[in-house]
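Remarks on the structure that follows.
Number of protein chains: 2
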Amino acid sequence: MPTINDVARAAGVSPSTVSYVLSGRRPISAQTRERVQAAIAELGFHPHAGARALASSRTNVLALVVPLRADVSVPVIMQFATAVVTASRTHNHDVLLLTKDEGTAGLERVAHSTMVDALIVMDVERDDVRIQALRNLKQPSVLIGLPEDPAGIVCVDLDFEAAAAEALRHLAGHGHRRIALVGPSPAVYKRGTTYAERFLTGFTTTSAELGLETMTHPCEPDRAGVRACLADIDAQLPGVTALVVHNEEALRLVLEEVQASGRRVPADISVVAVCPRDVALNMPLPLTSVDIPAHDVGGLAVETAMKLLDGRPTEPVRLLPPTLVQRESTAPIAG
Amino acid sequence: MPTINDVARAAGVSPSTVSYVLSGRRPISAQTRERVQAAIAELGFHPHAGARALASSRTNVLALVVPLRADVSVPVIMQFATAVVTASRTHNHDVLLLTKDEGTAGLERVAHSTMVDALIVMDVERDDVRIQALRNLKQPSVLIGLPEDPAGIVCVDLDFEAAAAEALRHLAGHGHRRIALVGPSPAVYKRGTTYAERFLTGFTTTSAELGLETMTHPCEPDRAGVRACLADIDAQLPGVTALVVHNEEALRLVLEEVQASGRRVPADISVVAVCPRDVALNMPLPLTSVDIPAHDVGGLAVETAMKLLDGRPTEPVRLLPPTLVQRESTAPIAG
DNA sequence: TGGTGTCGTCGAAGCGCTTCGACGATCGGG
DNA sequence: CCCGATCGTCGAAGCGCTTCGACGACACCA
Numbered sequence: 001m002p003t004i005n006d007v008a009r010a011a012g013v014s015p016s017t018v019s020y021v022l023s024g025r026r027p028i029s030a031q032t033r034e035r036v037q038a039a040i041a042e043l044g045f046h047p048h049a050g051a052r053a054l055a056s057s058r059t060n061v062l063a064l065v066v067p068l069r070a071d072v073s074v075p076v077i078m079q080f081a082t083a084v085v086t087a088s089r090t091h092n093h094d095v096l097l098l099t100k101d102e103g104t105a106g107l108e109r110v111a112h113s114t115m116v117d118a119l120i121v122m123d124v125e126r127d128d129v130r131i132q133a134l135r136n137l138k139q140p141s142v143l144i145g146l147p148e149d150p151a152g153i154v155c156v157d158l159d160f161e162a163a164a165a166e167a168l169r170h171l172a173g174h175g176h177r178r179i180a181l182v183g184p185s186p187a188v189y190k191r192g193t194t195y196a197e198r199f200l201t202g203f204t205t206t207s208a209e210l211g212l213e214t215m216t217h218p219c220e221p222d223r224a225g226v227r228a229c230l231a232d233i234d235a236q237l238p239g240v241t242a243l244v245v246h247n248e249e250a251l252r253l254v255l256e257e258v259q260a261s262g263r264r265v266p267a268d269i270s271v272v273a274v275c276p277r278d279v280a281l282n283m284p285l286p287l288t289s290v291d292i293p294a295h296d297v298g299g300l301a302v303e304t305a306m307k308l309l310d311g312r313p314t315e316p317v318r319l320l321p322p323t324l325v326q327r328e329s330t331a332p333i334a335g
Numbered sequence: 001m002p003t004i005n006d007v008a009r010a011a012g013v014s015p016s017t018v019s020y021v022l023s024g025r026r027p028i029s030a031q032t033r034e035r036v037q038a039a040i041a042e043l044g045f046h047p048h049a050g051a052r053a054l055a056s057s058r059t060n061v062l063a064l065v066v067p068l069r070a071d072v073s074v075p076v077i078m079q080f081a082t083a084v085v086t087a088s089r090t091h092n093h094d095v096l097l098l099t100k101d102e103g104t105a106g107l108e109r110v111a112h113s114t115m116v117d118a119l120i121v122m123d124v125e126r127d128d129v130r131i132q133a134l135r136n137l138k139q140p141s142v143l144i145g146l147p148e149d150p151a152g153i154v155c156v157d158l159d160f161e162a163a164a165a166e167a168l169r170h171l172a173g174h175g176h177r178r179i180a181l182v183g184p185s186p187a188v189y190k191r192g193t194t195y196a197e198r199f200l201t202g203f204t205t206t207s208a209e210l211g212l213e214t215m216t217h218p219c220e221p222d223r224a225g226v227r228a229c230l231a232d233i234d235a236q237l238p239g240v241t242a243l244v245v246h247n248e249e250a251l252r253l254v255l256e257e258v259q260a261s262g263r264r265v266p267a268d269i270s271v272v273a274v275c276p277r278d279v280a281l282n283m284p285l286p287l288t289s290v291d292i293p294a295h296d297v298g299g300l301a302v303e304t305a306m307k308l309l310d311g312r313p314t315e316p317v318r319l320l321p322p323t324l325v326q327r328e329s330t331a332p333i334a335g
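Residue numbers (this note's numbering), protein chains in the order written: chain F, 1 to 335; chain A, 1 to 335.
And the structure:
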C-alpha cells in the first residue's frame, strides 16, 4: 500500500501538497495537481482512513441504528437503510450499522471511540432513553421519528397527522361518512412509537373537523386479530363504508377478511392503506395509499446530518408532507 | 475526550502500560491493572478508533455487502444482516454496510483505505465480477453463496442440494410419487444466483435416485405467473400430489391458487416450502418447510471471517446441512 | 518603484495509539 | 550462591495523514 509520501516522492512534491490536492483546501497550480493526480493513479494510492481520521478528526462515517426485531415492518426498515446508505455515499460517507438492541451503550461506544461523525437513529420511542445519551455526545444526531421531547436533537419523519387527514379527506371527498381506522398492534402503541399516536391524533382531529362518524381500533397482525378487529368495527360502526389501514402486516389479511365477509373492495367498502408504495402495489388489488416515503425520509436524514456537520442551519423538526395516490381500492360511496 | 496519556498520568504509569492493560498482550501486575482500570473508568476513556487502526493496522470493522433491490427476499436479507451484526459484536467488531450496487468499486474503496479488516459478501452470482476483485484485496473475505469458481475465497451457505433432497425424501416417505418444483423466477436463474441451480440439481438428482415422477418450473411471483406455473404443472404432471416451493415471494399466491383450483392442502396436495422459519409459520397454514437458516449462515460467515483474521485454519467451502420441519402442509398421500 | 496581497509550495508538528527493545527486579535451578 | 529466565514496566519510534505557519515569487495599486 503506497502512502502519501510515496505519492509525493513520485510527483516530486511534498506530502502536504498531495494532501492539498486531495482536499482542495489550498490552491494548487494546475501543473502540480496533474502531476500529483497522475502519481496517485499510477501508484493506486488510497488514503488510510484511520490516519485521516486521526489527523483530521473526521471519519466520513455515519452510524445508523436500526431496530432488530421491530414492530416496524422489515421492508420499511430496509428502505430506510438503503436510502441512508446511498445518500451517504453521495456525500462521500459510509455507514456503520448498529442495532437498536445494543441500546445506549452502542451509541456511546461508536461515538466515544470516534468511529463516526454523526448518528442517525430509527424507531425512536416517546421517552426513548437513548435521546439523553445522544444529547451528551459530541457528535450530532438525527432521529427518524419524533419523541416526546426532541429538544436539542434534530428529527425528521413523515407528517403522520397530515397523512391521516389526507386519507380522511380523500374518503370524505368520495362521500364516505362512516370510516374506521385499523391501527397498528397494541404493542406498537404501548412501546410508544409516536407515529402511531400521531396518526391517531390526525385521524380523530380531522374526523371531528369534517364531522365524520369514525372509530379507531388497534389490530394484531394475524388472522384472529384481524377478524376480531373487523368484528368490533362492524358492531360499533354498522354500515361502515371505508377503512383506513395503518398496519402493514395486517393489510393483506384485512383485505382477505373483508372479502370473506362478502364485501367487495371498493364496491362495498373503500380501503386506504398507509404503507410504502410498492406494498400498496403488490396487493391483490392496487391500493389507494398514503405513501410512507422511507426513501425520502432516509435521504433527508442524511442531508440533515451533513448540514449539522457543516454547521449549516437546520430546522429542528422536519415533517414531510404526505402524498395520497388514488388507485383501485377506493371509490365514491355507493347509492 | 481523555487520551491514553491522561489515563497513564492519572494512574501513575506510562502510556504503554495502559495499552498493555487494554490489550493484555503483556503481563501486568494486578495492582497496576486495577489502578489503570480505575483511571480509565473515572476519566471515561475510550480509545480512539482511528489512532488504534493506524498503529495496529486493525480496524475491528467488517464490511457487509447486501443486495439493494435484489430478487433475494427482503426479510432474508435483513436476517442475514442482523445476524452478521450481532455475531460481529460478540467478536468486538462493528459492521460497515455497503450496497451491492456500488459493485467492485465499493469493495476496493473500503479495503484500500483500510476501513475494514474483512469483507462479507451476500448474493454472489455464478461468475460474479466482484470475486476477482476480492481475491486481489489484502483483506480476507467470506462469501454467502457459492460461485462457479470459489478458489481462493471462503464460502458459506445452506446446502441447497441437500435441501432439495430433504424435501423430496420427506414427501416420498409419505408416499408421494408425482412431485413438482415451483422454482424462483426466471430472472433469478438468469442472474446466476447459484442457490437456485443447486436446488434444482438436488431436486432432479434425488428425484432420479428415488425413481419419482417430477418436473420443475420457474415461477414469477405474481398472480398471473403463479397461475401459469400451476397450469403448466397440472398439464405436464396430471395428478400431481405434492409441490415443493422454492420461491418465497410466490409462496402465498401458490397456496391461494391451489385452493382456488379446489384442492386442499394437505388433503389433496402436500406442500413443502423452502423459506425461513417465520415465513413458514406466518402463512394461513403452518407449512412444512426446509429452513433457510439466515441467522446461522450469517453467524457462520462472521465466525469464518474471524478465523481468517486469526490465521486459524478454515474449510474453503462450508455448506450447512438443511433441516426439514414437518408442519401442517404435508400429509401421507390419500388413498 | 515600494509596499501589500495573493498564490503555490514546503517543512514540521502533531493526532492517539501500539509495539519493540531495554532494563531492573524477582525467582528457580544447578 | 550465581546465572539465566521470566515478570513488569518504561521510553521511544513510528503508523499515515492533516494543518499551521512560513516563505519565496509574483502581481497590482498607488
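We put the beta carbon where it would ideally sit given N, CA and C, even for glycine.
Report task. Would you be able to state if there are at least three C-beta pairs under 8 Å between the region 48-64 of chain A and the region 66-81 of chain F? Result -> no
Query - Completely contained alpha helix (DSSP H) runs for the region 214-255 of chain A, where each covers 4 or more residues - result: 223-236
Requested in this report: May I ask you to list, following chain order, the residues of the region 27-61 of chain A that have a beta carbon less than 8 Å from some beta carbon of chain F?
Outcome: Gly44, His46, Pro47, His48, Ala49, Gly50, Ala51, Arg52, Ala53, Leu54, Thr59, Val61
Report task. Below 7 Å CB to CB, which residues in the same chain sit around Ser207(F) once its five sequence neighbours on both sides are set aside? Result -> Counting from 1 along the first sequence, the entry for residue 207(F) is found at position 207. Answer for Ser207(F): Leu168, Thr214, listed in chain order.
Query raised in the report: What are the boundary residues of the beta strand (DSSP E) that includes Asp337(A)?
Result: Only positions 1 to 335 of chain A appear in the structure, and residue 337(A) is not among them; the question remains open.
Query raised in the report: In the DSSP assignment, what are the bridge partners of Leu319(A)?
Result: Here residue 319(A) refers to the residue found at position 319 of the second sequence. The partner list for Leu319(A) (beta bridge, DSSP) reads Asp157(A).
Query raised in the report: Does the region 294-311 of chain A touch the region 139-146 of chain A, meaning 3 or more C-beta pairs lie closer than 8 Å?
Result: yes
Query raised in the report: If you draw a straight line from the alpha carbon of Asp159(A) to that of Val325(A), how long is it in whole angstroms?
Result: Within the second sequence, residue 159(A) is the residue found at index 159, counting from 1. Within the second sequence, residue 325(A) is the residue found at index 325, counting from 1. Those two C-alpha atoms are separated by around 16 Å.
Query raised in the report: In this structure, what does DSSP give as the bridge partners for Ala273(A)?
Result: To locate residue 273(A), count along the second sequence from 1; it is residue 273. Answer is Val245(A), Ser289(A), bridged to Ala273(A).
Report task. Please report the residue range of the beta strand (DSSP E) in which Ser141(A) lies. Result -> Along the second sequence, one-based indexing puts residue 141(A) at 141. It spans 141-144 - the beta strand (DSSP E) in which Ser141(A) sits, taken as one unbroken run.
Report task. State the Cα-Cα distance for the pair Leu54(F) and Ser23(F), rounded to the nearest angstrom. Result -> Along the first sequence, read from residue 1 onward, the residue named residue 54(F) stands at position 54. Along the first sequence, read from residue 1 onward, the residue named residue 23(F) stands at position 23. Between Leu54(F) and Ser23(F), the C-alpha separation is close to 16 Å.
Report task. Determine contact between the region 232-249 of chain A and the region 269-276 of chain A, defined as no fewer than three beta-carbon pairs at a distance below 8 Å. Result -> yes
Query raised in the report: Cβ-heavy atom distance between Ser14(A) and the ligand PLP below 7 Å?
Result: The ligand content of the structure shown is nil, which means the ligand PLP is not present either.
Requested in this report: Please determine, among Ala63(A), Asn136(A), Arg9(A), Lys190(A), the residue with the shortest C-alpha to C-alpha distance to Ile153(A).
Outcome: In the second sequence, residue 153(A) corresponds to position 153, counting from 1. Residue Asn136(A) is the option with its Cα nearest to Ile153(A).
Query raised in the report: What's the gap between the Cα of Val182(A) and the Cα of Val265(A)?
Result: As a first step, residue 182(A) is located in the second sequence; it is residue number 182 there, counting from the start. As a first step, residue 265(A) is located in the second sequence; it is residue number 265 there, counting from the start. For Val182(A) and Val265(A), the distance between alpha carbons rounds to 16 Å.
Query raised in the report: In terms of DSSP beta bridges, what is Ala63(A) paired with?
Result: Residue numbering aside, residue 63(A) sits at position 63 when the second sequence is read from its first letter. According to DSSP, which records beta bridges pairwise, Ala63(A) is partnered with Leu96(A), Leu119(A).
Query raised in the report: Just reading off the beta strand (DSSP E) that Ala180(A) is part of, what are its end residues?
Result: The residue you call residue 180(A) lines up with position 180 of the second sequence. First-last of the beta strand (DSSP E) with Ala180(A): 178-182.
Query raised in the report: Based on Cα-Cα distance, which residue from Thr114(A), Thr204(A), Thr82(A) lies nearest to Pro293(A)?
Result: The residue you call residue 293(A) lines up with position 293 of the second sequence. Of the listed residues, the one whose Cα sits closest to Pro293(A) is Thr82(A).
Query raised in the report: Within the 8 Å Cβ cut-off, does Val85(F) reach chain A?
Result: Here residue 85(F) corresponds to residue number 85 of the first sequence, with the count starting at 1. Answer yes: the Cβ-Cβ gap between Val85(F) and chain A drops below 8 Å somewhere.
Requested in this report: Assign Thr193(A) to one of three DSSP states: helix, strand, or coil.
Outcome: Looking up residue 193(A) in the second sequence gives position 193. In this structure, Thr193(A) counts as strand in the three-state DSSP scheme.
Query - Rounded Cβ spacing between His217(F) and Asp232(F) (contact assumed at less than 8 Å) - result: As a position in the first sequence, residue 217(F) is number 217, starting the count at 1. As a position in the first sequence, residue 232(F) is number 232, starting the count at 1. Confirmed, about 6 Å.
Requested in this report: Use the C-beta contact count for Pro322(F): other C-beta atoms within 10 angstroms, 16 or more gives buried, fewer gives exposed.
Outcome: Position 322 of the first sequence holds residue 322(F). By the 10 Å Cβ count, Pro322(F) comes out buried.
Query raised in the report: Do three or more CB pairs link the region 36-44 of chain F to the region 11-23 of chain F at distances below 8 Å?
Result: yes
Query - Terminal residues of the alpha helix (DSSP H) in which Ser56(A) lies - result: One-based indexing of the second sequence puts residue 56(A) at position 56. Taken as a continuous stretch (DSSP letters only), the alpha helix (DSSP H) holding Ser56(A) covers 49-56.
Requested in this report: Anything in chain A within Cβ reach of Ser113(F), meaning under 7 Å, just list it in chain order.
Outcome: As a working note, residue 113(F) is residue 113 in the first sequence. Those are His46, Pro47, His48, Ala49, listed as they occur along chain A.
Query raised in the report: Hey, is Glu102(A)'s beta-carbon within less than 8 Å of any beta-carbon in chain F?
Result: Taking the first residue of the second sequence as position 1, residue 102(A) is located at position 102. It does; some Cβ of chain F falls within 8 Å.
Query raised in the report: Do Ala118(A) and Leu62(A) come within 8 Å of each other at the CB atom, strictly closer than that value?
Result: Numbered from 1 along the second sequence, position 62 holds the residue referred to as residue 62(A). Numbered from 1 along the second sequence, position 118 holds the residue referred to as residue 118(A). Their beta carbons are under 8 Å apart, which means Leu62(A) touches Ala118(A) by this criterion.
Query - Neighbourhood of Pro47(A) by C-beta distance below 8 Å, restricted to the same chain and skipping five residues each side - result: Position 47 of the second sequence, counted from the start, is the residue given in the question as residue 47(A). Excluding sequence neighbours, Pro47(A) sits near Ile4, Leu22.
Report task. Report the rounded CA-to-CA distance for Arg33(F) versus Ala49(F), giving the unit in angstroms. Result -> In the first sequence, residue 33(F) corresponds to position 33, counting from 1. In the first sequence, residue 49(F) corresponds to position 49, counting from 1. Those two C-alpha atoms are separated by around 22 Å.
Query raised in the report: Anyone know if the C-beta pair for Ile333(A) and Thr241(A) falls short of 8 Å?
Result: The count along the second sequence starts at 1 and reaches residue 333(A) at position 333. The count along the second sequence starts at 1 and reaches residue 241(A) at position 241. Yes, Cβ-Cβ distance for Ile333(A) and Thr241(A) is below 8 Å.
Query raised in the report: Per DSSP, Leu324(A) forms a beta bridge with which residues?
Result: Looking up residue 324(A) in the second sequence gives position 324. DSSP lists Val290(A) as partners of Leu324(A).
Requested in this report: For Pro15(A), decide whether its Cβ has a neighbour in chain F, counting only Cβ atoms nearer than 8 Å.
Outcome: Within the second sequence, the letter at position 15 stands for residue 15(A). Chain F contact via Cβ: absent.
Query raised in the report: Going by C-alpha distance, which of Ala30(A), Val7(A), Ile120(A) is nearest Ile308(A)?
Result: If you number the second sequence from 1, residue 308(A) lands on position 308. Here residue 308(A) turns out to be Leu, not Ile, going by the sequence shown. Of the listed residues, the one whose Cα sits closest to Leu308(A) is Ile120(A).
Query - Three-state secondary structure assigned by DSSP to Glu125(A) - result: One-based indexing of the second sequence puts residue 125(A) at position 125. Strand, per DSSP.
**Report entry** Interface flag, Asp94(F) vs chain A, CB-CB below 8 Å
**Finding:** Counted from its first residue, the first sequence places residue 94(F) at position 94. Chain A, which has a Cβ nearer than 8 Å to the Cβ of Asp94(F), makes this yes.
Report task. Can you give me, in chain order, the residues of the region 239-260 of chain A that have a beta carbon less than 7 Å from any beta carbon in chain F? Result -> none
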